[in-house]
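Trainee: In UniProt numbering, the protein residues as written are 1 to 217.
For every residue, glycine included, the Cβ atom is placed at its ideal position computed from N, Cα and C.
Shown next as structure tokens:
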């Protein structure tokens, strides 16, 4: 059942959980143990985070450094599929602008489509650690709204290169982020609400927020 359907049909307080994919080089068994413990709360769905690549520099000697792209927590798609198949719980992988080109995003969408995973949480994602302002990866998207448009086009069978496919699968359904105290980069709350409205108009079916970011407010 899609998340939006679970929200509409639920008549009492319900729980969902957000998990991180295992670190590169570790197994999934500890994650299964955690989910086994949490199942007593009857989670309606489980979010799986996505983490952008980082750039690390390897000292080659003689004053030379090699720039390498490293993803410390890969496997979001595989973890989502494993949880869905093992526990028959709706899974919601996060889809990011941050750290992904448009083509890389398209490959993720294709993998999820093949696996029958149709719920997404669409996010811009964080800046790279060395950045003072957000910079997309290659031709990647600057804003979640742009990423939504790519997903909407994919749902219509339109790829980023302009080619098309016959649509036979269930379209992706997605939520977006919202902010109780406005986004840190928004100049004011009115502008923050304006862009949230734009995301809803673009196809977001629900919005997710933390209860607060600053517990003094």
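Rounded to whole angstroms, what is the Cα-Cα separation between residue 207 and residue 130?
Mentor: In the chain shown, residue 207 corresponds to position 207, counting from 1. In the chain shown, residue 130 corresponds to position 130, counting from 1. In a straight line, the C-alpha of residue 207 is about 29 Å away from that of residue 130.
Trainee: Between the stretch 197-216 and the stretch 158-169, do three or more beta carbon pairs fall short of 8 Å?
Mentor: no
Trainee: Can you tell which of 27, 54, 43 has its C-alpha closest to the C-alpha of residue 137?
Mentor: Reading the chain shown from its first residue, position 137 is the one you call residue 137. Ranking 27, 54, 43 by Cα distance to residue 137 puts 54 first.
Trainee: Hey, residue 149 and residue 202: beta-carbon distance below 8 Å or not?
Mentor: One-based indexing of the chain shown puts residue 149 at position 149. One-based indexing of the chain shown puts residue 202 at position 202. In contact: residue 149 and residue 202 (Cβ atoms closer than 8 Å).
Trainee: I need the boundaries of the beta strand (DSSP E) containing residue 66, first residue and last residue.
Mentor: Residue 66 sits at position 66 when you count from the first residue of the chain shown. 64-70 is the span of the beta strand (DSSP E), which, as asked, contains residue 66.
Trainee: Whole-angstrom Cβ separation of residue 271 and residue 50, contact assumed at under 8 Å?
Mentor: What is shown of the chain runs 1 to 217, which leaves residue 271 out entirely.
Trainee: In the DSSP assignment, find the alpha helix (DSSP H) that holds residue 32 and state where it starts and stops.
Mentor: Counting from 1 along the chain shown, the entry for residue 32 is found at position 32. Looking at the DSSP string, the run of the alpha helix (DSSP H) that includes residue 32 is 29-38.
Trainee: In its own chain, which residues sit with a C-beta less than 8 Å from the C-beta of residue 224, not counting the 5 before and 5 after it?
Mentor: A question about residue 224 goes unanswered here, because the residues of the chain that appear run from 1 up to 217.
Trainee: Would you report the Cα separation of residue 177 and residue 61, rounded to the nearest angstrom?
Mentor: Within the chain shown, residue 177 is the residue found at index 177, counting from 1. Within the chain shown, residue 61 is the residue found at index 61, counting from 1. If I take the Cα positions, the gap works out to 44 Å.
Trainee: From 163, 169, 184, pick the residue whose C-alpha is nearest to that of residue 132; which is it?
Mentor: Along the chain shown, one-based indexing puts residue 132 at 132. The option with the nearest alpha carbon to residue 132 is 184.
Trainee: Quick one: what's residue 16 bridged to in DSSP?
Mentor: As a first step, residue 16 must be located in the chain shown, where it is residue number 16. For residue 16, which the question treats as bridged, DSSP gives the partners 45.
Trainee: By DSSP's criteria, residue 56 is part of a beta bridge. Which residues make up the other side?
Mentor: Mapped onto the chain shown, residue 56 falls at position 56. DSSP output for residue 56 lists 68 as bridge partner(s).
Trainee: What residue range is occupied by the uninterrupted beta strand (DSSP E) comprising residue 174?
Mentor: Within the chain shown, the letter at position 174 stands for residue 174. Annotation for residue 174: the continuous beta strand (DSSP E) segment containing it runs 173-177.
Trainee: Which one of 200, 117, 215, 102 has the shortest CA to CA distance from residue 45?
Mentor: Working through the chain shown from its first residue, we reach residue 45 at position 45. Nearest C-alpha to residue 45: 117.
Trainee: Roughly how many angstroms lie between the CA atoms of residue 21 and residue 191, to the nearest whole one?
Mentor: Numbered from its first residue, the chain shown carries residue 21 at position 21. Numbered from its first residue, the chain shown carries residue 191 at position 191. Spanning the two alpha carbons is a distance of roughly 34 Å.
Trainee: Short check: CB of residue 140 to CB of residue 76, under 8 Å?
Mentor: One-based indexing of the chain shown puts residue 140 at position 140. One-based indexing of the chain shown puts residue 76 at position 76. No. Outside cutoff.
Trainee: Who pairs with residue 206 in a beta bridge, going by DSSP?
Mentor: On the chain shown, residue 206 is found 206 positions in, with the first residue counted as 1. Its beta-bridge partners are 175.
Trainee: Give, in chain order, every unbroken run of the alpha helix (DSSP H) that is at least 4 residues long and sits entirely within the stretch 76-154.
Mentor: 76-87, 102-115
Trainee: Give me the Cα-Cα distance between residue 71 and residue 24, rounded to the nearest whole angstrom.
Mentor: Numbered from 1 along the chain shown, position 71 holds the residue referred to as residue 71. Numbered from 1 along the chain shown, position 24 holds the residue referred to as residue 24. The straight-line gap from Cα to Cα measures roughly 8 Å.
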